[in-house]
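Below: the structure, in structure tokens.
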Amino acid sequence: MLAALLCIGCTGNMDYDLSKGISKEVTLFENEISVPVGSIGPLTIGSILSSLGSVQGIGTLVSTYIKQDAEGSLILRDSSDIFRINVYELEKKAGDVSAPFTWNAGFQTTSIGGMAGALGFLGLKTVNQQVKITASNPLYNDVTFRCKPSVTCRAADFTTSYSGPIEGMSERQLKFRTYNEQIAEIKIPSNISDVISSITLEDLAFDLPANPSTKTDPRSNNLFFHFSYNYTCTVAVGETFKLVPIDGPIKGVNLPIGPYKVKKCRVNVELQNTLPLAVTIENLKALLPEEIRDEEIMVDENILISPETISIEGGSLENPATTNLTLELEAADGTLPDISGLRAKVTVASQPGLGTVGLSARQGLYVKSASAVISGGITIPEQQQ
Amino acid sequence: MRLNRHIIIAVAALAAATAALPAQTFHQGLFLDGYRLGYRYNPAIQNENGVVGVGQWGNQNLNNVGAANFLYPRDGKLVTALHSSVSAEEFLLGLPDYCSYTGGIDFNLFSYGWRKDAAYHTVEANVRAAYGAFIPETIFEILKLGTSNTNYDMGKMRLFGNAYAELVYGYSLKVSDAFSFGARAKLLIGVEALNYNFSRMDLTFSEEGYNVDLQADLNLTSRWSKIMPDADGYLNFLDLSLKDRWKLPSGGGLAVDLGILATPVEGLTLSASLLDLGGIVWYYGNAGVSEGSTSFTGVTDLTLEQIQKGDILGEFNELGKSFFESLRIKSAKSRVSPEMIPFTVNTAAKYEMPFYRALSIGATGNFIFRKGMSYMEGRGVLAWNGKYLGICADGGYGSFGPVYGLGLNASIWKFRITAAMSNGFGGNIPYTNTPLKPNNKVITLGLTYDL
């Protein structure tokens with residue numbers, strides 16, 4: 002009686018028989034869901050240079066020569082010899098050195114290292130150029146030098162003069178084998194952006210003691226009179242700067258969103274640019290998977306991206322340029338497949354109106370805020386749970 | 031006498047069969063001769079003789095959603111409500127504002143009743159348990175549709191469970207042939223209880239970020255163990271102390287049942303009762319609180335290096351963890367909380383056919399008040415009682431739709447066996463007890479012995 006009673010009302014609806022299994026595929030947020038992505042970056046020149054340091058070839062070259070000063074400005078440094086002569090060679094050229102004498106080295110010149118010049122080929126400019134000239138004396142005694150240091154740019158020459166002693170080695174501790182004493186510093190006006198072509202010592206003359214070779218400091222083991230330069234400049238972009246446009250696939254883009262059956266996605270980005278460069282992205286398209294891609298048919302026509310042209314304004318550290326972008330991805334038919342790559346034409350050029358602007362490691366692109374709005378639902382397939 | 035006997039049996043009703051069911055219970059018992067525990071339904075009911083009952087059991091499930099709200103047959107398979115083949119209208123329109131599932135178990139340890147002149151006395155010892163959950167429909171709306179609104183209010187979400195013992199003394203007095211009244215006083219002794227209550231849970235969604243404003247209290251008795259807080263003051267559910275647990279009963283309280291019975295004309299019985307009016311003061315030795323506002327605004331300054339390493343998803347995972355950590359439960363001072371137990375109002379009418387007394391018809395009405403979800407129903411009843419067997423069937427309409435019930439009573443010498451079942455329509459998941467539709471399902475089994 003009891004069992005019969007309890008069985009009544011326990012009848013099962015076979016449409017809900019669990020032995021058939023329950024599909025675990027779910028589609029969430031069928032209308033739309035907004036996802037705050039947050040902020041990305043900043044992607045600065047400094048961080049790019051740091052990552053380039055590990056890249057062989059051009060990366061190592063760039064990271065070796067281009068440095069940052071205390072304020073973060075990108076600077077180029079170069080140093081080399083202008084003139085050097087061994088004391089024995091000097092005696093030989095001077096002839097009679099049995100009494101104190103004056104020796105004229107005359108006109109000595111050199112040119113700045115290739116890296117500064119190479120900046121011009123890249124379309125970059127040099128500003129705030131500065132040259133320091135140093136001299137070292139290998140003798141035990143003080144030696145008086147006279148010369149007219151000068152630097153030459155395409156637009157002008159800049160000359161100074163020096164006359165005075167260089168202390169002998171006896172006056173200081175020998176931490177190093179040589180001691181360079183600055184004899185001149187020349188700063189090129191900031192409105193001149195031409196690279197310094199040469200550094201010259203005119204009317205170089207030495208007042209030497211008798212038999213100078215006998216007066217070298219045996220502790221230093223240095224026998225050379227040595228004149229060298231240290232050159233620094235700030236790397237800048239000018240009004241006419243423009244990189245060769247990159248037109249082709251953008252590497253590293255791989256979004257496997259196909260299984261999630263997303264119909265439409267809108268990405269809103271607030272971009273802040275402190276680089277004095279404007280970026281234009283044109284003809285933005287999604288690519289077919291590599292295995293079915295060929296040279297004639299590369300673009301996936303099922304993925305609609307709008308707008309096709311994106312413009313990002315250039316700015317500065319003091320006045321960042323803010324660009325609000327809205328990018329929409331939509332499936333032409335059905336849902337969005339995997340995005341296997343993007344292609345676009347990317348042009349980078351100086352932002353008009355800014356003039357020549359020095360570059361700083363702190364400049365860069367900053368995604369101040371980003372969010373995504375996904376419409377039509379996100380499907381989580383059964384096998385991915 | 032016969033009238034008294036009928037009165038006794040008549041209102042035997044509801045609580046009947048079910049030694050320890052909450053109120054609503056055994057309404058069929060009203061129409062079954064031989065049912066001896068009618069005083070549980072209406073304290074005014076008296077038996078002719080003394081009675082003893084041991085180990086009777088009752089179970090009730092009251093839920094305003096069923097499995098068919100969440101599972102859908104499609105092409106020979108079952109899919110969940112979040113499957114793309116299930117439209118939002120089909121899923122969400124079928125859900126109430128708060129999806130609730132509650133259950134109750136009554137177990138009678140011992141019952142004893144005796145007559146003294148016009149009065150009938152009863153004593154009982156029972157154990158009762160209840161459990162349930164209230165989940166806002168908003169959660170399912172967000173999962174199904176997304177964030178179509180910007181603000182969502184999900185306060186009043188609740189999980190609860192409790193168990194307590196009852197020591198009951200009942201008294202009923204027959205004032206006249208046509209009128210009786212009765213009362214039962216219950217001493218309630220709390221055993222364990224859990225209450226996790228969200229008094230405030232406001233969600234705000236926008237493209238800039240998500241924000242949760244939360245106020246939730248956890249109350250858990252500590253007779254089983256004391257949950258120790260971690261170094262930051264959050265409850266660590268893996269660090270339990272038996273030494274610090276509460277060794278006394280977790281609560282105490284009182285409740286009363288009241289009832290009146292009237293027989294205005296021969297063959298007609300009218301009954302009205304109010305059951306379980308009272309409450310328990312619980313001592314929650316484990317108390318906690320989740321409160322405050324927390325926001326999710328995405329990653330902050332994700333670096334080039336992280337992008338190159340593919341760390342984006344990792345960053346979001348970490349953010350998700352910190353977001354949910356903010357919802358953790360912070361240890362709070364132990365709480366003393368008075369809480370009402372669900373009370374029930376029952377009404378019934380029975381009329382025995384004058385031409386054939388074994389056949390009777392009637393009607394019952396029932397209202398259960400439970401915090402968060404009340405329930406009511408009305409039924410029409412048809413019954414037949416023979417010398418050794420009684421059967422009744424009923425049908426009606428409740429808060430969740432049509433209902434029906436069946437009851438049986440068998441008399442073997444002085445033993446009285448009663449079984450009853452009450453349910454809604456809609457069926458179950460095959461081979462399980464899980465209902466497909468919202469319903470109020472009651473199963474009762476009882477055994478008594480006449481003294």
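Each protein sequence line maps, in turn, to chains D and H. Here the first sequence is numbered in our numbering, starting from 2 and rising by one per residue. Here the second sequence is numbered in our numbering, starting from 31 and rising by one per residue. Even glycine gets a Cβ: it sits at the ideal position worked out from N, Cα and C.
Chain D residues whose Cβ lies nearer than 8 Å to that of residue i
{"i": "Leu466/H", "result": "Asn14 and Tyr17"}
{"i": "Asn91/H", "result": "Under the 8 Å cutoff, chain D gives no residues; its nearest Cβ is about 12 Å from Asn91/H."}
Which of helix, strand or coil DSSP assigns to residue i
{"i": "Asn303/D", "result": "coil"}
{"i": "Phe225/D", "result": "strand"}
{"i": "Gly80/H", "result": "coil"}
{"i": "Met451/H", "result": "strand"}
{"i": "Asn138/H", "result": "strand"}
{"i": "Asp16/D", "result": "helix"}
{"i": "Asn94/H", "result": "coil"}
{"i": "Met406/H", "result": "strand"}
{"i": "Thr119/H", "result": "Going by the sequence as given, residue 119/H is Glu instead of Thr. Note: Glu119/H maps to helix in three-state DSSP."}
{"i": "Gln364/D", "result": "coil"}
{"i": "Leu325/H", "result": "Strictly speaking, residue 325/H in this sequence is Ser, with Leu absent from that position. Note: Ser325/H maps to strand in three-state DSSP."}
{"i": "Leu123/D", "result": "coil"}
{"i": "Ile75/H", "result": "coil"}
{"i": "Leu466/H", "result": "coil"}
{"i": "Gly115/D", "result": "helix"}
{"i": "Asn284/D", "result": "strand"}
{"i": "Thr235/D", "result": "strand"}
{"i": "Phe242/D", "result": "coil"}
{"i": "Ile34/D", "result": "strand"}
{"i": "Gln130/D", "result": "strand"}
{"i": "Ile293/D", "result": "helix"}
Span separating the alpha-carbon of residue i from that of residue j
{"i": "Ala332/D", "j": "Val368/D", "result": "26 Å"}
{"i": "Ile290/H", "j": "Asp306/H", "result": "15 Å"}
{"i": "Val132/D", "j": "Leu140/D", "result": "26 Å"}
{"i": "Lys467/H", "j": "Thr110/H", "result": "15 Å"}
{"i": "Arg155/D", "j": "Phe242/D", "result": "19 Å"}
{"i": "Thr152/H", "j": "Ser141/H", "result": "7 Å"}
{"i": "Leu19/D", "j": "Ala388/H", "result": "45 Å"}
{"i": "Ser325/H", "j": "Thr234/H", "result": "9 Å"}
{"i": "Gly354/D", "j": "Met116/D", "result": "28 Å"}
{"i": "Val221/H", "j": "Ile371/H", "result": "14 Å"}
{"i": "Arg363/D", "j": "Ala163/H", "result": "55 Å"}
{"i": "Leu217/H", "j": "Leu419/H", "result": "35 Å"}
{"i": "Ser390/H", "j": "Asn469/H", "result": "27 Å"}
{"i": "Leu287/H", "j": "Ala195/H", "result": "Looking at the sequence shown, residue 287/H is not Leu but Asp. Going from the Cα of Asp287/H to the Cα of Ala195/H covers about 16 Å."}
{"i": "Thr462/H", "j": "Lys471/H", "result": "14 Å"}
Closer than 7 Å at the beta carbon, the chain H residues around residue i
{"i": "Ile34/D", "result": "Gly176 and Thr177"}
{"i": "Val128/D", "result": "Result: empty, since nearest Cβ-Cβ is about 27 Å, beyond 7 Å."}
Per-residue burial, residue i [other beta carbons within 10 Å of its own, 16 or more giving buried]
{"i": "Leu244/D", "result": "exposed"}
{"i": "Asn110/D", "result": "What sits at residue 110/D in the sequence shown is Thr, not Asn. Under this definition Thr110/D is an exposed residue."}
{"i": "Pro101/D", "result": "exposed"}
{"i": "Trp443/H", "result": "exposed"}
{"i": "Val205/H", "result": "exposed"}
{"i": "Leu125/H", "result": "buried"}
{"i": "Val411/H", "result": "buried"}
{"i": "Arg85/D", "result": "exposed"}
{"i": "Ser114/H", "result": "exposed"}
{"i": "Ser202/H", "result": "buried"}
{"i": "Thr215/D", "result": "exposed"}
Chain H residues whose Cβ lies nearer than 8 Å to that of residue i
{"i": "Asn269/D", "result": "Glu237"}
{"i": "Lys21/D", "result": "Gly106, Lys107 and Leu108"}
{"i": "Val38/D", "result": "Gly328 and Val329"}
Closer than 8 Å to chain B by CB, residue i
{"i": "Ser372/D", "result": "In the displayed structure, chain B is absent; the protein chains listed are D and H."}
Partner residues on chain D for residue i, Cβ-Cβ distance less than 9 Å
{"i": "Ser114/H", "result": "Glu26, Val27, Thr28, Glu31, Lys262, Gly378 and Thr380"}
{"i": "Gly162/H", "result": "Within chain D, no residue comes near Gly162/H; the closest Cβ sits about 22 Å away, beyond 9 Å."}
7 Å Cβ cut-off: residues of chain D touching residue i
{"i": "Pro103/H", "result": "Asp16 and Tyr17"}
Any non-hydrogen atom of the ligand GDP within 7 Å of residue i CB
{"i": "Thr233/D", "result": "This structure lacks the ligand GDP, and indeed carries no ligand of any kind."}
Problem - beta strand (DSSP E) segments (min. 3 residues) lying fully within the segment 352-403 of chain H - result: List check, beta strand (DSSP E) in window: 360-362, 365-370, 373-383 and 386-399.
Practice task
Quick one: which unbroken beta strand (DSSP E) runs of 3-plus residues sit fully inside the segment 201-287 of chain H? Chain order, please.
Solution key: Whole beta strand (DSSP E) segments, 3+ residues: 209-235, 240-250, 256-259 and 265-271.
Taking only runs of the alpha helix (DSSP H) that begin and end inside the segment 54-111 of chain D, which ones reach a length of at least 4 residues, in chain order? Qualifying alpha helix (DSSP H) stretches, in chain order: 59-66 and 88-95.
Can you check the segment 149-177 of chain H for any alpha helix (DSSP H) of at least 4 residues that lies completely inside it and give the ranges in chain order?
Complete alpha helix (DSSP H) runs here, min 4: 167-175.
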